[in-house]
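Novice: Have a look at this one.
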Amino acid sequence: MVGPRKAAFVEESAEVEVLFANMEKMKGLTKKIQGSLNRLETSGKTVQESIGPIYGNTQRLQITNSNIDKVNDAIERIRAPLDQTNREERIIRAGPKNVDLRDYIASLDRTATALTDLKRSNLRSNQQAVAELGSLLKFGSKQLEDVFKEMLRESSARTVEPLEYVAKGNPFPVITQDKVSTLRLINAHISSSFSQASQADVRETPTQKIYAEVRGTYIMESLRNLAAASVTTARKVTADAIYKPGENGTGIYVKAMEGLFLAEYENICPIFAREEWGLVCTATCQPAIGDFTKTLRDLNGHIQRNLTTDCFLGYEIVDVVGKLSMRLEAKTGVLKNTIREAAKPIRETSKASLGKLLEDTRTRVQTLVALPTDGASIPMTAETMVRLQTMTNYLEPLSSIMASLGDGGWAPTATNKPSATLDVGPDSLKLFAHYASDTVETLLQSLEAKARVLLKGKSLQGVFIANNVIIVDRMIRSSELQSLMGSYAGKIEAWRKKGTAMYLEGWREPSGHLLDVQYTNRSGRPHSGGAGSTDSAAIVKALSSKDKDAIKEKFKSFNASFDNLIAQHKSYKMEREVRNQLGREVQTIMEPLYGRFWDRYHEIDKGKGKYAKYDKSQLNAALASLS
485 MVGPRKAAFV EESAEVEVLF ANMEKMKGLT KKIQGSLNRL ETSGKTVQES IGPIYGNTQR
545 LQITNSNIDK VNDAIERIRA PLDQTNREER IIRAGPKNVD LRDYIASLDR TATALTDLKR
605 SNLRSNQQAV AELGSLLKFG SKQLEDVFKE MLRESSARTV EPLEYVAKGN PFPVITQDKV
665 STLRLINAHI SSSFSQASQA DVRETPTQKI YAEVRGTYIM ESLRNLAAAS VTTARKVTAD
725 AIYKPGENGT GIYVKAMEGL FLAEYENICP IFAREEWGLV CTATCQPAIG DFTKTLRDLN
785 GHIQRNLTTD CFLGYEIVDV VGKLSMRLEA KTGVLKNTIR EAAKPIRETS KASLGKLLED
845 TRTRVQTLVA LPTDGASIPM TAETMVRLQT MTNYLEPLSS IMASLGDGGW APTATNKPSA
905 TLDVGPDSLK LFAHYASDTV ETLLQSLEAK ARVLLKGKSL QGVFIANNVI IVDRMIRSSE
965 LQSLMGSYAG KIEAWRKKGT AMYLEGWREP SGHLLDVQYT NRSGRPHSGG AGSTDSAAIV
1025 KALSSKDKDA IKEKFKSFNA SFDNLIAQHK SYKMEREVRN QLGREVQTIM EPLYGRFWDR
1085 YHEIDKGKGK YAKYDKSQLN AALASLS
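Going by my numbering, the sequence shown opens with residue 485, and the numbers climb by one from there.
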């Protein structure tokens, strides 16, 4: 057993020795590795110290190279517009007539973009290029403006004859659609460029100005003949002729102007932007409106010189111009105030005419040096009523004018506040009725005052008043005045009664001869049985010689006075209605008076007719002949 155990120890001892030997080798190797690491660390530090500056320089070089690339890119971008300029300049210099218009405009747009980029670079070296590009753009825009103007001139080369279109009711010509499309394209570019380039708030673009100048001249020239005709047709052939509706050419002038304005508005809408329509339309129509204003100023002078006969022309112009302004406002949204302003002088003259016509009526009567000795009406009465009848043709403008004056505002001392009502309605028509009533009252009052001065005798004065009143009444009833002046009927009747009363003043004398003292004593009156119960022979027999002589004198005086008045009545010139009315009035008074007197005293001459010249039937026949 000792032998095997010893052998095992020997084997283990050998293994331990081998293990120690390997450990020694490992320690040696470790020392070598550590030495190598130390040497490597030392070498790394040396490399780091050597390579560090090189790496830093490399980073800076990379940043520099990047910046250089960016600068090169910027230079390329800066040079690009300059390179492009050469290409665009060839197109722009060729002009829009030699290049497709859309290409030409696209070239201008590209040039404008290039100019913007150059300005943004703010490089001093590009200032020359900026100036050149700016000059090129101006040249190109001017070329476009010239094309715009030339196309408009081609469309406006021949003025139209408005009368042909107005007479036939045809629409006025407009610019053709192909030209409108081109004009719209050019305007869109120029307007856009102008708004970008303009520093100030300038409302009128070059194309707006060109359009207004060219087309405005076209409209003005087209209307020039009608403007002249409006003044020519106003000239008087007969000094006292009253103006009649439509005699003057202003109505046609206004219709032509409306047609041309609306046709022009139809041209403007597709060419310009919506917000520009009113501005361009106003500027385009302004030259024609200027001529219109001058024409109306000339007509106003004519109306003022012939106010009593041609005030109606003023009313007509106020009417047609007012309606024109409303229609244009409805269709274009502009021109209303401008048109109305043109007619303002005539409107003011028309307002003043109402008071002046009243004053003219009064003055003409006051300056009369004689009145008809036969009591006939004077022509002025009919003339005044014709004037009022003529006014009914202009109720619409007159109602507006009178409303602006206020009720009674036509009187010289009127203080009425103006009314704002301008429409024709019941109230405004009442204003005219009041004015017409004032006119008639002024006329009749003036005639009555003049008759008292120039005509001798109440009867003659009464006939004169009655004749003039019946002329007034007749002319009211035979015209539209009848419906307007219904409230004046009571005053007409009062004037008729006044004329009748004045005439009957002359018949007091024969009436007085038929009154005797017997009638003042109730017991002496004849019984109610009438003439048949009166015994003339008994009454005459009961009279004293003195009373008989008085009765005879009464018959003689009555006969003389009656015969004189009958002859006088027949010598007066009376309107048929006046003669009938006055004859009936006289008969109503004289017939019963004479009948009673004759019944009592006709036996004074025992039927010989020496004193009782007329029996009752003869007197009634004489009275009947007065009607």
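We treat Cβ as the ideally placed atom computed from N, Cα and C, and that holds for glycine.
To the nearest angstrom, report how far apart residue 969 and residue 920 are at their CA atoms.
Specialist: Whole-angstrom Cα-Cα distance: 7 Å.
Novice: Classify residue 721 as helix, strand or coil using the three-state DSSP reduction.
Specialist: Of the three classes helix, strand and coil, the one that applies to residue 721 here is coil, per DSSP.
Novice: Hey, would you say residue 983 sits closer than 8 Å to residue 941, going by beta carbons?
Specialist: Contact flag unset, no.
Novice: Leaving out five residues before and five after residue 643 in sequence, what residues of the same chain have Cβ atoms less than 7 Å from its Cβ?
Specialist: Same-chain partners within the cutoff: 702, 705 and 706.
Novice: Can you tell me the Cβ-Cβ gap for residue 956 and residue 976, rounded? I've got them flagged as a contact below 8 Å.
Specialist: Indeed they touch by this definition, with Cβ atoms about 7 Å apart.
Novice: Considering only the alpha carbon of each residue, which of 714, 755, 725 and 754 lies closest to residue 740?
Specialist: With distances taken between Cα atoms, residue 740 lies closest to 714.
Novice: Need the endpoints of the alpha helix (DSSP H) that residue 713 sits in, please.
Specialist: Here the alpha helix (DSSP H) through residue 713 covers 690-716.
Novice: Mark residue 789 as exposed unless 16 or more other C-beta atoms lie within 10 angstroms of its C-beta, in which case mark it buried.
Specialist: By the neighbour-count rule (16 or more Cβ atoms within 10 Å), residue 789 is not buried but exposed.
Novice: Here's a check: name, in chain order, each residue in its chain whose Cβ is nearer than 7 Å to the Cβ of residue 878, leaving out the five neighbours to either side.
Specialist: Once the five neighbours on either side are set aside, the close Cβ partners of residue 878 are 796, 799, 800 and 803.
Novice: Given a cut-off of 8 Å, decide if residue 1032 and residue 1024 are closer than it, judged by their beta-carbon atoms.
Specialist: Taking 8 Å as the Cβ cut-off, residue 1024 and residue 1032 qualify as a contacting pair.
Novice: Which word fits residue 1004, buried or exposed, when buried means at least 16 other C-beta atoms lie within 10 angstroms of its C-beta?
Specialist: Note on residue 1004: pLDDT 41, under 50, position unreliable in the model; no value is reported.
Novice: Could you name the residues of the same chain whose beta carbon sits closer than 8 Å to that of residue 744, not counting the 5 residues immediately before and after it, in chain order?
Specialist: Cβ neighbours of residue 744 beyond the five flanking positions: 644, 646, 656, 703, 706, 707 and 772.
Novice: Reducing DSSP to helix, strand and coil, say where residue 641 ends up.
Specialist: Coil.
Novice: Can you tell me the Cα-Cα spacing of residue 857 and residue 1087, whole angstroms?
Specialist: Taking the straight line joining both Cα atoms gives about 40 Å.
Novice: May I have a chain-ordered list of the alpha helix (DSSP H) segments no shorter than 4 residues that lie completely inside the region 949-987?
Specialist: Complete alpha helix (DSSP H) runs here, min 4: 965-968.
Novice: Assign residue 624 to buried or exposed, taking buried as 16 or more other Cβ atoms, counted over all protein chains shown, within 10 Å of its Cβ.
Specialist: By the neighbour-count rule (16 or more Cβ atoms within 10 Å), residue 624 is buried.
Novice: Go ahead and pull the three-state DSSP assignment for residue 1079.
Specialist: Looking at residue 1079 - three-state DSSP - the assignment turns out to be helix.
Novice: Within the same chain, show all residues whose beta-carbon is closer than 7 Å to that of residue 1109, passing over the 5 residues directly before and after it, in chain order.
Specialist: Excluding sequence neighbours, residue 1109 sits near nothing in its chain.
Novice: Using the C-alpha atoms, what's the distance from residue 711 back to residue 737?
Specialist: Roughly 7 Å separates the two Cα atoms.
Novice: Which runs of the alpha helix (DSSP H), 4 residues or longer, sit entirely within the region 796-868?
Specialist: Listed in chain order, they are 820-826 and 828-850.
Novice: Cβ of residue 1098 versus every heavy atom of the ligand GDP: is any distance shorter than 7 Å?
Specialist: The ligand GDP is not part of this structure, which contains no ligands at all.
Novice: Span of the alpha helix (DSSP H) holding residue 650?
Specialist: From DSSP, the alpha helix (DSSP H) with residue 650 extends over 646-652.
Novice: Keeping to the same chain, check which residues put their C-beta closer than 6 Å to that of residue 1059; ignore five residues upstream and five downstream.
Specialist: Once the five neighbours on either side are set aside, the close Cβ partners of residue 1059 are 951 and 954.
Novice: Identify the continuous alpha helix (DSSP H) that holds residue 751 and give its terminal residues.
Specialist: 734-755 is the extent of the alpha helix (DSSP H) around residue 751.
Novice: Smallest Cα separation from residue 1107: which of 929, 1068 and 544?
Specialist: Checking every option, the nearest Cα to that of residue 1107 belongs to 1068.
Novice: Please report how far the alpha carbon of residue 864 lies from the alpha carbon of residue 1053, in whole angstroms.
Specialist: Looking at the two C-alpha atoms, the distance is approximately 24 Å.
Novice: Closest to residue 847 by CA distance: which of 814, 923, 917 and 890 is it?
Specialist: With distances taken between Cα atoms, residue 847 lies closest to 923.
Novice: DSSP three-state call for residue 1006: helix, strand or coil?
Specialist: With a pLDDT of 40 at residue 1006, under the threshold of 50, the modelled position of that residue is not reliable, and the figure given next carries that caveat. DSSP places residue 1006 in helix when its eight states are reduced to three.
Novice: Quick check: the Cα distance between residue 965 and residue 873, rounded to an integer number of angstroms?
Specialist: So the alpha carbons of these two residues sit roughly 7 Å apart.
Novice: Where does residue 1058 fall in DSSP's three states?
Specialist: Three-state DSSP puts residue 1058 in coil, outside helix and strand.
Novice: Let me confirm a value: residue 911 is counted as buried when at least 16 other C-beta atoms fall within 10 Å, else exposed. Which label applies?
Specialist: Per the 10 Å Cβ criterion, exposed.
Novice: Give me the Cα-Cα distance between residue 690 and residue 747, rounded to the nearest whole angstrom.
Specialist: In a straight line, the C-alpha of residue 690 is about 22 Å away from that of residue 747.
Novice: What number of angstroms, rounded off, separates the C-alpha of residue 834 from the C-alpha of residue 819?
Specialist: Roughly 22 Å separates the two Cα atoms.
Novice: Which word fits residue 1076, buried or exposed, when buried means at least 16 other C-beta atoms lie within 10 angstroms of its C-beta?
Specialist: So residue 1076 ends up on the exposed side.
Novice: By a C-beta neighbour count over all protein chains shown, 10 Å radius and 16 as the cutoff for buried, is residue 698 buried or exposed?
Specialist: Buried, because 16 or more other Cβ atoms sit within 10 Å of the Cβ of residue 698.
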